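*Asks:* Going by our numbering, the first residue of the first sequence is number 570, and it counts up by one from there.
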Amino acid sequence: MGIQGLLPFLKNILTPSHIRNYRGCTVAIDAYCWLHKGAFACAEKLAAGEKTDMYVYYCMKYINMLLSYDIKPILVLDGCHLPSKKNVEKKRRERRELNRKKAAQLLRDGKRKEARDALVQCIDITPQMALELMNACRDKGVDCITAPYEADAQLAYLSQTGIAQVIITEDSDLILFGCHTIMFKMDTSGAGMLIQNKDLNKAMKLQDAHYTFDKFRYMCMLSGCDYHANLPGIGLSKACKAMKLTRQIDVRLILKKIPMLLNIRNLTVSAEYIEGFIRADNTFLYQLVFDPLSRKLTPLNPYPPGVKAEDMHYAGPPMSPDHAFQLALGNMDIQGNRIANFDPAPRSQSWINDTEKTPYLLSIWDPNYKPRGQVPEGEEPTRPSTKGKEVLLQAMGISKPKANEQRRKSEPPLKPIKKGWFR
DNA sequence: TCCTAGTCGTCAT
DNA sequence: CGACTAGGA
Numbered sequence: 570m571g572i573q574g575l576l577p578f579l580k581n582i583l584t585p586s587h588i589r590n591y592r593g594c595t596v597a598i599d600a601y602c603w604l605h606k607g608a609f610a611c612a613e614k615l616a617a618g619e620k621t622d623m624y625v626y627y628c629m630k631y632i633n634m635l636l637s638y639d640i641k642p643i644l645v646l647d648g649c650h651l652p653s654k655k656n657v658e659k660k661r662r663e664r665r666e667l668n669r670k671k672a673a674q675l676l677r678d679g680k681r682k683e684a685r686d687a688l689v690q691c692i693d694i695t696p697q698m699a700l701e702l703m704n705a706c707r708d709k710g711v712d713c714i715t716a717p718y719e720a721d722a723q724l725a726y727l728s729q730t731g732i733a734q735v736i737i738t739e740d741s742d743l744i745l746f747g748c749h750t751i752m753f754k755m756d757t758s759g760a761g762m763l764i765q766n767k768d769l770n771k772a773m774k775l776q777d778a779h780y781t782f783d784k785f786r787y788m789c790m791l792s793g794c795d796y797h798a799n800l801p802g803i804g805l806s807k808a809c810k811a812m813k814l815t816r817q818i819d820v821r822l823i824l825k826k827i828p829m830l831l832n833i834r835n836l837t838v839s840a841e842y843i844e845g846f847i848r849a850d851n852t853f854l855y856q857l858v859f860d861p862l863s864r865k866l867t868p869l870n871p872y873p874p875g876v877k878a879e880d881m882h883y884a885g886p887p888m889s890p891d892h893a894f895q896l897a898l899g900n901m902d903i904q905g906n907r908i909a910n911f912d913p914a915p916r917s918q919s920w921i922n923d924t925e926k927t928p929y930l931l932s933i934w935d936p937n938y939k940p941r942g943q944v945p946e947g948e949e950p951t952r953p954s955t956k957g958k959e960v961l962l963q964a965m966g967i968s969k970p971k972a973n974e975q976r977r978k979s980e981p982p983l984k985p986i987k988k989g990w991f992r
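This is how it looks when you write it as structure tokens:
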């Protein structure tokens, strides 16, 4: 789902780019995207419950590519389901079950090709699969973090706090959560399409003075999002038109004026619709995320005055700090069962390089870790002089050694952790 | 012109 | 998940 048609709507500000332009930066990854694509390589085995690590290798192709460009990847995984999405999850489960039965019948009939097509439709990314990927990443010294709830909100938090300079995903919802810079459609070579939060006003064709990010988010939500349906007959174009025509900033008043702004007579905006809209908006603004620095739960954005966490149960019910921490580390599954014993503490003693100059290259769980911060505006990825030099250095094979590279070479083997069958 | 709902592809040989 | 598209308002 996501926001239907958002990427085509933003095509004017989507720019082709390459991840090598972010050398020395941190990139946070929506792990689900890679896991889902990687699962296609071994759909039959996964459906049959056979052991396979094909999807792990698929994901590690991307990780290794990023490491080769001296980029620090942070893998972000999904945590608990939001209460509002329980129904969606149930429907997906039922759809997978249906396709599973369909595939079994087709297989009995000897229709192997059609059976595979049905099998592919019942692919499920299990927490065990996510754990295998996390273990493979941590073997390489790559940070992983499981969000308390949706990875989307967690990725946006890493973007907004300057922990990550780029977010890699296929999900257009990340734009609404307020990420600064996102790369979509990145291939295994590192080429993709970049979108920046600061350009969204151009996509709406709104003057800077009249543009707010709130307006952009309302536009998207009016066209329908995962948390709330659209008004009948309203898509992105009409929603954009409505947001251009009003200077109102109060959500309730904007919504009440929609039929007038768009000249649609038989359209009524019910009180229920408005309240649902505001709950959805709050889910984008205040969903609970995990702050790896303070090791505490926090809303994606600070609550406005007078609002308390208890008012926001739909944006993620509060959980105990230790539960959230163990979930974030990947030691606990969403049912609360212990599934691993990863302890980030021993690693913090082992860094002896020039990490004083580059504390942002440490593990996010290291007490000395510090976010790199936002990349100065306009500095990347289109800086011709730098681009040319990088190409030249690579062609000459004399790319200067980076702290990142030295760190990886001198890294001691991690203490043994429960790894299952992955070598 | 815009919205909607449905179908197809994602890997890799 | 998005891309693409036929069909309807």
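Glycine is no exception: its CB is placed at the ideal position from the N, C-alpha and C atoms.
Being a predicted model, the structure only gives us computed values, none of them experimental.
Based on Cα-Cα distance, which residue from Q690, V596, M629 lies nearest to R707?
*Replies:* Among Q690, V596, M629, the Cα nearest to that of R707 belongs to M629.
*Asks:* Is the beta carbon of H797 less than 8 Å from the beta carbon of A849?
*Replies:* It is a contact, given that the beta carbons lie within the stated cut-off.
*Asks:* Determine the contact status of P868 and L857, defining contact as a CB-CB distance below 8 Å.
*Replies:* Yes, Cβ-Cβ distance for P868 and L857 is below 8 Å.
*Asks:* Cα-Cα, which of T837, A716, T927, N704 is closest to Q910?
*Replies:* In the sequence under discussion, the amino acid at residue 910 is Asn, which differs from the Gln named in the question. Cα-wise, what sits closest to N910 is N704.
*Asks:* For the beta strand (DSSP E) containing P577, name the first residue and the last one.
*Replies:* P577 -> not in any beta strand (DSSP E); alpha helix (DSSP H) instead, spanning 575-578.
*Asks:* Does the beta-carbon distance from D639 to I933 come in below 8 Å?
*Replies:* No, these two residues do not count as a Cβ contact at 8 Å.
*Asks:* Report yes or no: do the stretch 608-625 and the stretch 686-693 share at least 3 C-beta pairs separated by less than 8 Å?
*Replies:* Touching, yes.
*Asks:* If you drop the 5 nearest sequence neighbours on each side, which residues of the same chain put their C-beta closer than 7 Å to that of P940?
*Replies:* Excluding residues within five positions, the ones whose Cβ falls inside 7 Å are T730, G731, I732, Y929.
*Asks:* Output yes or no for whether 8 Å exceeds the beta carbon distance between Y780 and N766.
*Replies:* Contact flag unset, no.
*Asks:* Please list, in chain order, all residues of the same chain as I823 whose beta carbon is under 7 Å from its beta carbon, the five residues on each side excluded.
*Replies:* So the list reads Y787, T815, Q817, once near-sequence residues are dropped.
*Asks:* Between the C-alpha atoms of T595 and I572, what's the straight-line distance to the nearest angstrom?
*Replies:* The straight-line gap from Cα to Cα measures roughly 26 Å.
*Asks:* Determine the DSSP secondary structure at S968, reduced to helix, strand or coil.
*Replies:* Residue placement at S968 is flagged as unreliable, the pLDDT there being 37, under the threshold of 50; the coordinate-derived value follows with that caveat. If DSSP states are grouped into helix, strand and coil, S968 belongs with coil.
*Asks:* Is F746 helix, strand or coil when you go by DSSP?
*Replies:* F746: coil per DSSP, three-state reduction.
*Asks:* Please give the ranges of any alpha helix (DSSP H) in the stretch 574-626, keeping only runs that are unbroken, at least 4 residues long and fully inside the region.
*Replies:* The stretch 574-626 contains these whole alpha helix (DSSP H) runs: 575-578, 600-608, 612-617.
*Asks:* Cα separation between A722 and G885?
*Replies:* Between A722 and G885, the C-alpha separation is close to 11 Å.
*Asks:* Quick one: is T951 buried, meaning 16 or more other Cβ sit within 10 Å of its Cβ, or exposed?
*Replies:* Only weak support is given to the placement of T951: the predicted model assigns it a pLDDT of 44, under 50, and the value that follows is read from those uncertain coordinates. Exposed is the call here.
*Asks:* Can you tell me where the alpha helix (DSSP H) with K682 in it begins and where it stops?
*Replies:* From DSSP, the alpha helix (DSSP H) with K682 extends over 681-689.
*Asks:* If I'm right that P642 touches M888 with Cβ under 8 Å, what's the distance once you round it to whole angstroms?
*Replies:* Not really, about 27 Å apart at Cβ, beyond 8 Å.
*Asks:* Can you check DSSP and say which residues form a bridge with D912?
*Replies:* Looking at the DSSP assignment, D912 forms no beta bridge with any residue, so it has no partner.
*Asks:* If I measure Cβ to Cβ from G966 and keep anything under 7 Å in the same chain, skipping five residues before and after, which residues do I get?
*Replies:* The pLDDT assigned to G966 is 32, lower than 50, so where the model puts this residue is not dependable; a value taken from the coordinates is nonetheless given after this. Around G966: no qualifying Cβ.
*Asks:* Is it right to say P861 is buried, meaning 16 or more other beta carbons lie within 10 angstroms of its own, or is it exposed?
*Replies:* Buried is the call here.
*Asks:* Given a cut-off of 8 Å, decide if A617 and V645 are closer than it, judged by their beta-carbon atoms.
*Replies:* No, Cβ-Cβ distance for V645 and A617 is not below 8 Å.
*Asks:* What residues in its chain sit with their C-beta under 7 Å from that of T621, if we drop five residues either side in the sequence?
*Replies:* Contacts found: C611, K614, L615.
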